[in-house]
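S.K.: Under this note's numbering, the first residue of the sequence shown is numbered 12, with each subsequent residue one higher.
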Amino acid sequence: MSLPATSPHDRHRDNLLKRSVTARLLTPLLGALALLWLLAGFTWCAARQVHDVNAVAATTQDRVVLLSEIRSLSRSLQRDALNLVTEDEPAELPIILRKFASRSRTMRAGLRTLRHGAGNTLPPGYFALSYRVLDALQAVARQAQRGDRHGALRRLHREVRPAERAASRVADAEIESLTARTGTLRTDAEAVELRAGRRLIAAVLLLTGCGLVAGLIITRRSVILALEHV
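#1: List the endpoints of the continuous alpha helix (DSSP H) containing P134.
#2: Between D183, G194, A51, which lies nearest to E80 when the distance is taken from Cα to Cα?
#3: Whose CA, out of D199, W55, A200, S113, lies closest to the CA of Q149?
#4: Assign S64 to one of two classes, buried (16 or more other C-beta atoms within 10 Å of its C-beta) or exposed (fewer than that).
#5: Whole angstroms is fine: what's the gap from P15's alpha carbon to T54's?
#6: Where do the ends of the alpha helix (DSSP H) carrying P105 lie?
#7: Using CA coordinates, which residue listed in L50, D73, L46 is at the minimum distance from R192?
#8: Locate the alpha helix (DSSP H) running through R169, then write down its first and last residues.
#9: Once the 5 residues before and after T97 are set aside, which same chain residues still bring their CB inside 8 angstroms of it?
#10: Suppose the cutoff is 7 angstroms on Cβ atoms and the five residues either side in sequence are ignored; what does the same chain contact list for R82 look like?
#11: In or out: D91 buried (at least 16 other Cβ within 10 Å) or exposed?
#12: If contacts are defined as beta-carbon pairs under 8 angstroms, then F111 and L95 qualify, I think. What distance do you get, rounded to the angstrom?
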């Protein structure tokens, strides 16, 4: 028994039904893909922003550490200079001199890094004071080696210490400012990460809801159309 031939009208209706179902299947899928790409763009921008903020915070924190080290070196050099003046044991003098020379080189290198590094906000006067301290300490060391203890002590009190105190005040204020800025930057980065996390959760919920609704609508309409076709 042969099946009845389908009319052109029926074939046309079948094609329309297939196209309708395909369109309904593709529309939510394309919408979901667009939303995913949009979410990926937001996530990338947030990650980039967090990276940039953290990079600035890390650079700022590095300057705090270096500035603190230079301040500590300056005070250690003063102790070395005083030891050169007051040391009575000849065998200890070469040891003190080596420490003094090494710390002087390290401090000068640190000052160059601070001056020419990124994010330098120190006033030029700080560097002038710091180099004045180093030059005066070198003069104290030379006087102590020549045996001029009285002159070395006088220079230490009159030239080194006033300049070192002034430089320390500038350094302390800069450290406080940079530390506060680092804290603000870290807080900003955390806020960006929190916002990105909230957007991600909202997008996942939205995609899930849209998927469920679209699935129900497609299923219902497809069944209705199929029944109507029958």
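Note that beta-carbon positions come from the ideal geometry of N, C-alpha and C, so glycine has one too.
M.R.: This is what the structure holds:
#1: On the sequence shown, residue 134 is found 123 positions in, with the first residue counted as 1. Premise fails: P134 is in no alpha helix (DSSP H) and is neither H nor E.
#2: Residue mapping note: residue 80 aligns to position 69 of the sequence shown, counting from 1. For the residues D183, G194, A51, the minimum Cα distance to E80 belongs to D183.
#3: On the sequence shown, residue 149 is found 138 positions in, with the first residue counted as 1. It is S113.
#4: The sequence position of residue 64 within the sequence shown is 53, counting from 1. Sequence inspection shows Val at residue 64; the Ser mentioned does not correspond to that position. Looking at its Cβ environment, which holds 16 or more other Cβ atoms inside 10 Å, V64 is buried.
#5: Here residue 15 refers to the residue found at position 4 of the sequence shown. Here residue 54 refers to the residue found at position 43 of the sequence shown. Since pLDDT at P15 reaches only 49, below the 50 mark, its modelled position is unreliable, and no value is offered.
#6: Within the sequence shown, numbered from 1, the residue matching residue 105 stands at position 94. From DSSP, the alpha helix (DSSP H) with P105 extends over 104-127.
#7: Here residue 192 is taken as the residue at index 181 of the sequence shown, counted from 1. Ranking the options by Cα distance to R192, first place goes to D73.
#8: Within the sequence shown, the letter at position 158 stands for residue 169. No alpha helix (DSSP H) holds R169; DSSP gives it neither H nor E.
#9: Working through the sequence shown from its first residue, we reach residue 97 at position 86. Within the same chain, T97 has close Cβ partners R160.
#10: Looking up residue 82 in the sequence shown gives position 71. Result list for R82: S179, A182, in chain order.
#11: Working through the sequence shown from its first residue, we reach residue 91 at position 80. Buried.
#12: Indexing the sequence shown from 1 puts residue 111 at position 100. Indexing the sequence shown from 1 puts residue 95 at position 84. Contact flag correct, Cβ pair sits at about 7 angstroms.
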